[in-house]
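First comes the structure, then the notes that go with it.
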Amino acid sequence: MAALLNLFTSLILLFGFLLSSWTAFQWLRDYTGTGKKSAGMYFQESKLGEGYSYDFMWKGRRGTYAEVIELFVTGNPEFTTTMSRVITQHYKSVYWECSPMSIRHVSKQPFQFVVLPAAALEGRPVDMEAFAEHFNRHKSGTDKATVVSFLNIAKDTIFVSPVRTIVPSVPLRLQLLDELLNSFSETTVSVEIKKTERETLFTDLASFLRTASPSVIQDLWVKVGKELKQIIDSHSINQSPNEDSRTTEKKPPDKRTEQTNKSSQTNKPSQTNKPTLRGSFRTLTNALTSTASAATTTTITNPTTHQVFASIPDVWLSTNGLSTAWLHVRLDSRPKYYHFMPYRKPYQPQPEGT
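What the sequence shown shows, in mature numbering (1 follows the signal peptide of the UniProt record, and there is no 0), is residues -24 to -1, 1 to 330, in sequence order.
In structure tokens form, the structure reads like this:
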């Protein structure tokens, strides 16, 4: 009886060992690179001469910009967490640069980006006055946004930036940890809070992803997705389906029409020396029309956030940070500060079958 019991116990142990081994084998087979599931959602990493490139892989294929925007907008935690991890895993400070997004090809264009080392951003003090006018709008009242978007001074780029009021969050958590440790210890335990860590907080994307609260990180990615989606929507409204802003051609003037206009102008009697009431009224009407046109022009020179991209075919999504020491994700109408040269050219779709 004891022998049977020992045999039964051995079989159970053997079964448990085989089951755990099979589970480990499945894990090793399904996961590649830095621990991201190849059959599901992960970023395929490739080493560059300086930096790394990442291709978004989803459902066994390369994920598109349209899919990524939807994942951004819905705040998909697996996607945002995975992307945040790969951005921060190699360098202390980074330049994050995405391939140019072609608005006409978002449903087919693969989403990819590069992470480049940014030694120039390391140790920089925070610019406490950066974007103050935009942040101050969200400090009072019912609007308690943690992330805001706004146009740059030149009105050709959208910035998405975390509001500055969250800067003290990490030192506060360390202070609470200090108090908690001291409450359970007979001797005083000090938690060092370095001033430099607080000053360099949120100067670039990597420092933000390492130190900000998960909810604020999620808010940033959601806001980026919403801005991209609104750009696409505004572009669709302002451009007909058959219109391509890249290949818009002007028709040459009709010579017969030009000749007719010249003839009518030649045969028309001059009325410059006949000041009539009708002429005065016409002058007044023209003056009012000119004033209205000037007002319209003034409105166009101060566009709303997404009118900037209404007729622009590509969007460059990136971070830089060299000019302003506070994190701001850039949605550019041109590659102003791109370091990765292949991404400076607009997206060109590959011919079908290649």
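In this text, a Cβ means the ideal position worked out from N, Cα and C, and glycines have one as well.
Do LEU181 and VAL123 come within 7 Å of each other at the CB atom, strictly closer than that value?
-> One-based indexing of the sequence shown puts residue 123 at position 147. One-based indexing of the sequence shown puts residue 181 at position 205. It is not a contact, given that the beta carbons lie outside the stated cut-off.
Count the other CB atoms, across all protein chains shown, that sit within 10 Å of the CB of GLN194; report buried if there are 16 or more and exposed otherwise.
-> Taking the first residue of the sequence shown as 1, we reach residue 194 at position 218. Its Cβ being crowded by 16 or more others within 10 Å, GLN194 is buried.
Pick from PRO86, VAL102, SER309, GLY39: whose alpha carbon is nearest that of GLN324?
-> Within the sequence shown, numbered from 1, the residue matching residue 324 stands at position 348. Closest option to GLN324, Cα to Cα, is PRO86.
Continuous beta strand (DSSP E) stretch holding VAL90: start and end | For the purposes of this step, residue 90 is taken as the residue at position 114 of the sequence shown. That run of the beta strand (DSSP E) goes 88 to 93.
Is LYS199 buried or exposed, if buried means 16 or more other CB atoms sit within 10 Å of its CB?
-> Looking up residue 199 in the sequence shown gives position 223. The residue is buried, with at least 16 neighbouring Cβ atoms inside 10 Å.
State the start and end residues of the unbroken beta strand (DSSP E) segment that holds PRO138.
-> Residue 138 sits at position 162 when you count from the first residue of the sequence shown. That run of the beta strand (DSSP E) goes 133 to 138.
Beta-bridge pairing of ARG38 - partner residues as DSSP gives them = Residue 38 sits at position 62 when you count from the first residue of the sequence shown. Looking at the DSSP assignment, ARG38 forms a beta bridge with MET33.
For ILE288, which residues of its own chain have a beta-carbon under 7 Å away from its beta-carbon, when the five flanking residues on both sides are left out?
-> Taking the sequence shown and counting its residues from 1, the one referred to as residue 288 is at position 312. Closer than 7 Å at Cβ, skipping near neighbours: SER309.
Check whether the Cβ of PRO86 sits closer than 6 Å to any heavy atom of the ligand HEM, and report yes or no.
-> In terms of ligand content, the structure shown is empty, and the ligand HEM therefore cannot be addressed.
Cβ separation of PHE178 and LEU303, assumed to be a contact under 8 Å, to the nearest whole Å = For the purposes of this step, residue 178 is taken as the residue at position 202 of the sequence shown. For the purposes of this step, residue 303 is taken as the residue at position 327 of the sequence shown. The Cβ separation is near 5 Å, so the contact holds.
What is the rounded straight-line gap between the Cα of PRO190 and the Cα of ILE(-13)?
-> In the sequence shown, the residue the question calls residue 190 occupies position 214. In the sequence shown, the residue the question calls residue -13 occupies position 12. Cα to Cα, PRO190 sits roughly 43 Å from ILE(-13).
By how many angstroms is the C-alpha of TYR319 removed from the C-alpha of SER75?
-> In the sequence shown, residue 75 corresponds to position 99, counting from 1. In the sequence shown, residue 319 corresponds to position 343, counting from 1. Whole-angstrom Cα-Cα distance: 5 Å.
Please work out which residues of its chain come closer than 8 Å, Cβ to Cβ, to LEU185, disregarding the five sequence neighbours upstream and downstream, and give them in chain order.
-> Against the sequence shown, residue 185 aligns to sequence position 209. Answer for LEU185: SER60, ILE63, THR64, ILE193, listed in chain order.
GLU73 and HIS315 look like a contact to me (Cβ under 8 Å); what is the Cβ gap, rounded to whole Å?
-> As a position in the sequence shown, residue 73 is number 97, starting the count at 1. As a position in the sequence shown, residue 315 is number 339, starting the count at 1. Correct: roughly 7 Å between the Cβ atoms.
Measuring alpha carbon to alpha carbon, tell me which of ASP31, GLY27, GLY25, GLU26 ends up nearest TYR18.
-> As a working mapping, residue 18 is identified with position 42 in the sequence shown. Residue ASP31 is the option with its Cα nearest to TYR18.
Start-to-end residues for the beta strand (DSSP E) that takes in ARG306 | As a working mapping, residue 306 is identified with position 330 in the sequence shown. That run of the beta strand (DSSP E) goes 305 to 308.
Tell whether a beta-carbon distance below 7 Å holds between LEU97 and SER78.
-> Reading the sequence shown from its first residue, position 121 is the one you call residue 97. Reading the sequence shown from its first residue, position 102 is the one you call residue 78. Result no, Cβ atoms of LEU97 and SER78 do not sit closer than 7 Å.
Work out the CA separation of LEU307 and VAL291 for me, nearest whole Å.
-> On the sequence shown, position 315 is the one that residue 291 refers to. On the sequence shown, position 331 is the one that residue 307 refers to. Looking at the two C-alpha atoms, the distance is approximately 6 Å.
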